[in-house]
Amino acid sequence: MGIATLPARAAPVDDYIRSEMRKMGIPGLSIVVIRDRKIVKIAGYGSANLETRTPATPDSIYKIASLSKPFIASAILDLAADRKIGLDDRISQHLTGTPDSWKDITIRQVLTHTSGIPRDPNDYRPYQEQKPMAVIASAYTLPLSFQPGEKFLYSNVGYYILAQIIENATGAPWEGFVAARVFKPAGLQVTRPLTAAIVPDRAAGYDQVDGRLVNAENWIASRPSAAFLSSVRDLARWDIFLDEQRSRSPVFWEQTRTLPMLPNGRTGQYGLGWYVETYLGHARIHHDGQYPGFRSTWERFEDDKLTIIILTNSGQAPVESLALKVAGFYVPALVAPTFNTGVNLPTSSVASGSPVTIGFTLRAGKAAPKSVLELEIWDSENKAVYKQIKSGQDFAAGEDRRIDFQWTPAKPGKYWINLGIYGPKFTPSYAWSEHIGTLTVN
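First residue of the sequence shown? That's -15 in this note's numbering, and the numbers climb one at a time after it.
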């Protein structure tokens, strides 16, 4: 499938990404930006391999970690369309030996992470190949975290289960079914399961240890929950294919974006393979992935016809925050809010052991719903001694708000006050005020 490419909006995005990579020690990064099914930006920055000095490009191949889950979900939806399974089938209909506590869990609940099955298995061995069923069976002895359908809990085990259901329903390896029914129709050319074989253009992974980059651990086990290698160019092919499918089958597509209703009257946060949320009032469909040495994110703003995909060979890169900031370069309404921040502190020294009110006066340049505030207090030896978080803070545009924190200092000294302001779930970072004030404690 050919991909139409429009002229890139170069300098501002390039400058921003390079600046963030320098600040955060990110070795290499590849990005693609898609608007209305056309690539408007595709680039690589830094190094895919520091030892060979190989540059990162749009064709560099990264471990995409949990970005693999939407592929597994898509394959399950194909099976359901073929009537080989039903999304509301109990998983015990398709697996052998499931414990009694799993008897009411449905495929839909596994897809939406509302099954209650724990996040990770007992017996995952990253340095050797394992069949999905062996890993699933190791979770049989674990208690459910809650009753099926009651809450949301992200579960990697669940996507092992989905892979095994694919195998049982088709009689073929799950990797082959995903390749035939998901990769091939979309024209994907390099996306493939994790492999120890030589892969041209593969990026090396890096982690930071004590402030320096080191080669990351190399997990060779194929995890259905984090199964694939890919490039931003190939993922762009799938993104455009998904939009075409959405146009052809809007009712089916809407079903994949419908969040489960929980018993407490709230909805979950994960549809059929994707997180479904809002950002600054805009519909946001997204997923991220993390593996030793790699971070990835896929951000779809479907009403704005905008997608940003970032793959990196850094285990610590804040890729979601980077992608959301990049979105603002293309859709002005997605520019992150700015904040004017003032601090209100005692005018004289305070006594150790006595509570202190630390107040902040905040004004947002635009509406910023569900924001997170994080107070940090550091001592004169540059060590963090206190942290407090206030979540779910709604700011109206131009509104002055005062938000107070309480702290009881344990010992005398001079202390620095820092304040971070973030979007929901700490993504992205809106503002960081360092040394915004000082406190003297006697």
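A virtual CB, placed ideally from N, CA and C, is assigned to each residue, including glycine.
The structure displayed is predicted, hence computed values, not measured ones.
Original post:
By DSSP, does W258 sit in helix, in strand, or in coil?
Top reply: coil
**OP:** Quick one: give me the first and last residue of the beta strand (DSSP E) that W416 is part of.
**Re:** 413 to 425
Original post:
Looking at the structure shown, is G400 part of a helix, part of a strand, or coil, going by DSSP?
Top reply: According to the sequence shown, residue 400 is Trp rather than Gly. Three-state DSSP puts W400 in a strand.
**OP:** May I have the straight-line CA-CA distance separating K354 from R207, to the nearest angstrom?
**Re:** 34 angstroms
Subject >> Neighbourhood of E4 by C-beta distance below 7 angstroms, restricted to the same chain and skipping five residues each side >> reply: L306
**OP:** Determine, using beta-carbon pairs with one atom in the region 178 to 185 and one in the region 22 to 31, whether at least three such pairs fall under 8 angstroms.
**Re:** no
Original post:
CA-CA distance, N366 and A415?
Top reply: 21 angstroms
Subject >> Range covered by the beta strand (DSSP E) that runs through V16 >> reply: 12 to 19
Subject >> Helix, strand or coil at W203 according to DSSP, with G and I counted as helix >> reply: coil
Original post:
Can A32 and S44 be called in contact, C-beta distance under 8 angstroms?
Top reply: yes
Subject >> Counted within 10 angstroms of its Cβ, other Cβ atoms place I224 as buried (16 or more) or exposed >> reply: buried
**OP:** Determine whether the Cβ of D272 lies closer than 8 angstroms to any Cβ atom of chain D.
**Re:** Any reference to chain D falls outside this structure, which holds one protein chain only.
**OP:** Inspect the CB distances between the region 207 to 218 and the region 310 to 329 and report whether three or more fall short of 8 angstroms.
**Re:** no
Subject >> Completely contained alpha helix (DSSP H) runs for the region 133 to 177, where each covers 4 or more residues >> reply: 140 to 154, 158 to 162
Original post:
Whole-angstrom Cβ separation of I427 and S280, contact assumed at under 8 angstroms?
Top reply: Absent from the structure is residue 427, since the part of the chain shown begins at -15 and ends at 426.
Original post:
Exposed or buried, S364, counting other C-beta atoms within 10 Å across all chains shown (16 or more means buried)?
Top reply: exposed
Subject >> Start and end residues, alpha helix (DSSP H) containing K53 >> reply: 53 to 65
Original post:
What's the C-alpha gap between T411 and P302?
Top reply: 9 angstroms
**OP:** Go through its chain and collect everything with a Cβ distance to R386's Cβ below 8 angstroms, but skip five positions before and after it.
**Re:** N328, G343, F344, T345, L346
**OP:** Find out if the Cβ-Cβ distance for the pair N248, F278 is shorter than 8 angstroms.
**Re:** no
Original post:
Any idea which residues DSSP pairs G277 with across the strands?
Top reply: None, per the DSSP bridge assignment.
**OP:** Output yes or no for whether 8 angstroms exceeds the beta carbon distance between G12 and A40.
**Re:** yes
**OP:** Give the DSSP bridge partners of I269, in chain order.
**Re:** V260, R284
Subject >> Straight-line gap, R230 to A348 (C-alpha atoms, nearest Å) >> reply: 36 angstroms
**OP:** Alpha carbon to alpha carbon, how far is N402 from F379? Give it in angstroms, no decimals.
**Re:** 20 angstroms
Subject >> Exposed unless 16 or more other CB atoms sit within 10 angstroms - verdict on T82 >> reply: buried
Original post:
In terms of alpha-carbon separation, which member of G195, I405, Y275 lies closest to W203?
Top reply: Y275
Original post:
Ordered along the chain, which non-local residues of its own chain (more than five positions away) have a Cβ less than 8 angstroms from that of Q253?
Top reply: F136, L243, Y259, V260, E261
**OP:** Reducing DSSP to helix, strand and coil, say where R196 ends up.
**Re:** strand
Subject >> contact_flag[the region 122 to 138, the region 155 to 162] where n(CB pairs < 8 angstroms) is 3 or more >> reply: no
**OP:** Compare the Cα-Cα distances from T251 to each of H97, D(-2), S85 and report the closest residue.
**Re:** H97
Original post:
Should Q446 be labelled buried (16 or more other beta-carbon atoms within 10 Å of its own) or exposed?
Top reply: This structure gives no information on residue 446, because the portion of the chain shown stretches from -15 to 426.
Original post:
Cβ atoms of L146 and I269: under 8 angstroms apart, would you say?
Top reply: no
**OP:** Let me know if L(-10) comes out buried or exposed under the rule of 16 or more other beta-carbons within 10 Å of its beta-carbon.
**Re:** In this predicted model, L(-10) has a pLDDT of only 46, less than 50, meaning its place in the structure is not dependable; the value taken from the coordinates is given anyway. Flag for L(-10) reads exposed.
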